[in-house]
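Colleague: With my numbering, letter number 98 in the sequence shown gets 110, and the count goes up by one each step, no holes. Below you'll find the structure I mean.
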Amino acid sequence: MKKEKRVFLVYPSFPSGLFPSISPALLSLAAYAAQYNPNFIVRIWDERIDGPFDPGIAKDALVCITAMTAQASRTKYIAKKVKQVGAYDVVFGGIHPTACPEEFLEYGSVVQGEIEGGSFTNVLSDYNEGRLLAKKYFTPPGSLENLLLAPDRFYEYAAKLSDNMISDGRGCPLGCSYCSIHIISGKTDIGQWKKL
Ligand code: SF4
Numbered sequence: 013m014k015k016e017k018r019v020f021l022v023y024p025s026f027p028s029g030l031f032p033s034i035s036p037a038l039l040s041l042a043a044y045a046a047q048y049n050p051n052f053i054v055r056i057w058d059e060r061i062d063g064p065f066d067p068g069i070a071k072d073a074l075v076c077i078t079a080m081t082a083q084a085s086r087t088k089y090i091a092k093k094v095k096q097v098g099a100y101d102v103v104f105g106g107i108h109p110t111a112c113p114e115e116f117l118e119y120g121s122v123v124q125g126e127i128e129g130g131s132f133t134n135v136l137s138d139y140n141e142g143r144l145l146a147k148k149y150f151t152p153p154g155s156l157e158n159l160l161l162a163p164d165r166f167y168e169y170a171a172k173l174s175d176n177m178i179s180d181g182r183g184c185p186l187g188c189s190y191c192s193i194h195i196i197s198g199k200t201d202i203g204q205w206k207k208l
């Protein structure tokens, strides 16, 4: 019997416990996973709402973890735990793994770049077909014109957090020295999301 395919989209907690906004990245990942294969069981697990991720449920599953710098240690810890219980593999994305992929390669694969570039679909395809995941996937940011919206059921997640945000573009031409936006997504303000 063919095993069911399960995809966990994990948002690690912050050491400070702060940062109450939703992760638009998880909603986008959910949108692409649900479209790629409607039979995938896709679950968002935000540790700020759902508590510590339970590694015991991750056997044979694809575990995708997004991380900013403050979440990096927790991200690696979750990856180690789910590997111990036999997760299919772990995929890291988000700004910190994109900027510092080498930090994460001993724990899994890294998806660099933005969701609209298509690299996450390549990950899903490898998982679906039972292929070994590549260590790195990369596609550059691009137009958001055709960015997918997550199915309604995933917005229950957004309703549970006090602050919400919308990400409607990529890149920034200003290049402030303390900011990573222009390093990760470029200095051209591209892809304004006209659907808004
Ligand atoms: S902080 Fe970043 S996003 Fe904001 S204006 Fe400066 S470079 Fe642009």
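No residue lacks a Cβ here, since even glycine has one placed at the ideal position from N, Cα and C. Source: prediction; values computed, not measured.
Anyone know if the C-beta pair for residue 100 and residue 66 falls short of 8 Å?
Modeller: On the sequence shown, position 88 is the one that residue 100 refers to. On the sequence shown, position 54 is the one that residue 66 refers to. For residue 100 and residue 66, no; Cβs fall outside 8 Å.
Colleague: Do residue 153 and residue 187 count as a contact pair if the criterion is CB distance below 8 Å?
Modeller: Here the question's residue 187 lines up with position 175 in the sequence shown. Here the question's residue 153 lines up with position 141 in the sequence shown. Cβ atoms of residue 187 and residue 153: not closer than 8 Å.
Colleague: For the ligand SF4, I want to know if residue 193 counts as a neighbour, meaning its beta carbon is within less than 7 Å of at least one of the ligand's heavy atoms.
Modeller: Taking the sequence shown and counting its residues from 1, the one referred to as residue 193 is at position 181. Yes, since a heavy atom of the ligand SF4 falls inside the 7 Å radius drawn around the Cβ of residue 193.
Colleague: What I want to know is whether the C-beta of residue 224 ends up closer than 7 Å to one or more non-hydrogen atoms of the ligand SF4.
Modeller: This structure gives no information on residue 224, because the portion of the chain shown stretches from 13 to 208.
Colleague: Could you check what DSSP says for residue 190 in three-state terms: helix, strand or coil?
Modeller: Translated into the one-based positions of the sequence shown, residue 190 becomes position 178. Coil at residue 190, not helix or strand.
Colleague: Touching or not, the stretch 42-50 and the stretch 135-152, by the rule of three or more beta carbon pairs under 8 Å?
Modeller: With a cut-off of 8 Å, the stretch 135-152 and the stretch 42-50 count as touching, because enough Cβ pairs lie within range.
Colleague: Where do the ends of the alpha helix (DSSP H) carrying residue 69 lie?
Modeller: Stepping through the sequence shown from its first residue, residue 69 is reached at position 57. Residue 69 -> no alpha helix (DSSP H), and no H or E assigned at all.
Colleague: In chain order, what residues of the same chain have a beta carbon less than 7 Å from the beta carbon of residue 1, not counting five sequence neighbours either side?
Modeller: The question about residue 1 has no answer, for the chain in this structure spans 13 to 208.
Colleague: Cβ of residue 92 within 8 Å of Cβ of residue 121?
Modeller: Within the sequence shown, residue 92 is the residue found at index 80, counting from 1. Within the sequence shown, residue 121 is the residue found at index 109, counting from 1. No, Cβ-Cβ distance for residue 92 and residue 121 is not below 8 Å.
Colleague: What is the DSSP secondary structure of residue 133, counted as helix, strand or coil?
Modeller: Counted from its first residue, the sequence shown places residue 133 at position 121. Of the three classes helix, strand and coil, the one that applies to residue 133 here is helix, per DSSP.
Colleague: The ligand SF4 heavy atoms versus the CB of residue 184: any closer than 7 Å?
Modeller: Here the question's residue 184 lines up with position 172 in the sequence shown. Residue 184: yes, Cβ under 7 Å from the ligand SF4.
Colleague: Should residue 144 go down as buried or exposed, given a rule of 16 or more other Cβ atoms within 10 Å for buried?
Modeller: Taking the sequence shown and counting its residues from 1, the one referred to as residue 144 is at position 132. Counting Cβ neighbours within 10 Å, residue 144 comes out exposed, since fewer than 16 surround it.
Colleague: Give the range of the beta strand (DSSP E) segment to which residue 23 is assigned.
Modeller: Counted from its first residue, the sequence shown places residue 23 at position 11. Element bounds for residue 23: 18-23.
Colleague: Hey, would you say the C-beta of residue 187 is under 7 Å away from at least one heavy atom of the ligand SF4?
Modeller: Here residue 187 refers to the residue found at position 175 when the sequence shown is read from its first residue. Result yes, Cβ under 7 Å from the ligand SF4.
Colleague: Where does residue 94 sit, in a helix, a strand or coil, going by DSSP?
Modeller: Reading the sequence shown from its first residue, position 82 is the one you call residue 94. Reduced to three states, the DSSP call for residue 94 is helix.
Colleague: Under a Cβ-count criterion, where at least 16 other Cβ atoms within 10 Å of its own Cβ denotes burial, should residue 109 be classed as buried or exposed?
Modeller: As a working mapping, residue 109 is identified with position 97 in the sequence shown. Burial call: buried.
Colleague: Do three or more CB pairs link the stretch 32-46 to the stretch 16-24 at distances below 8 Å?
Modeller: The stretch 32-46 vs the stretch 16-24: in contact.
Colleague: Less than 8 Å between the C-beta atoms of residue 41 and residue 127, yes or no?
Modeller: Counting from one through the sequence shown, the residue named residue 41 turns up at place 29. Counting from one through the sequence shown, the residue named residue 127 turns up at place 115. Contact flag set, yes.
Colleague: Can you find a C-beta in chain C that's less than 8 Å from the C-beta of residue 193?
Modeller: No chain C is part of this structure, which consists of one protein chain only.
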